[in-house]
Amino acid sequence: MTQVTLAQQEITEEGKKILQRIEHSKQPLKDISSYYEEARQLEAETRKQQEAEELANMPAPVLSPEQQQLAELTQQLAALNKRFEEMAKGE
């Protein structure tokens, strides 16, 4: 073999080794990025749960007598609508 051919083989082998190192070094980056993505999703879910708990634990707003009456009428109207829908399905 000529020196040029040997040099080309060495370059090719070194190139393969470099490519392998690059691929090997990319793997931890993929793992890290997936870890951060999971952490972000977990944080978002936790934040949603905390907000829901805070809303559930908040005291009911103080309503004026008119607002209370309106709320009761709204609930009664919703119950009537539900009954009518059930009756319509039964026909």
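Residues in the sequence shown are numbered from 290 upward in steps of one, following this note's numbering. In this text, a Cβ means the ideal position worked out from N, Cα and C, and glycines have one as well.
Helix, strand or coil at residue i according to DSSP, with G and I counted as helix
{"i": "L352", "result": "coil"}
{"i": "Q347", "result": "Before going on, a small fix: residue 347 reads as Met here, not Gln. Note: M347 maps to coil in three-state DSSP."}
{"i": "T291", "result": "coil"}
Residue i: CB within 6 Å of a non-hydrogen atom of the ligand NAP
{"i": "I300", "result": "Summarising the ligand content, the structure contains no ligands, and the ligand NAP is consequently not present."}
Residues near residue i by beta carbon distance below 6 Å, same chain, minus five either side
{"i": "Q298", "result": "none"}
8 Å CB neighbourhood of residue i in its chain, flanking five on each side removed
{"i": "I321", "result": "none"}
8 Å contact criterion, which residue i and residue j should meet: CB distance rounded
{"i": "L352", "j": "A360", "result": "7 Å"}
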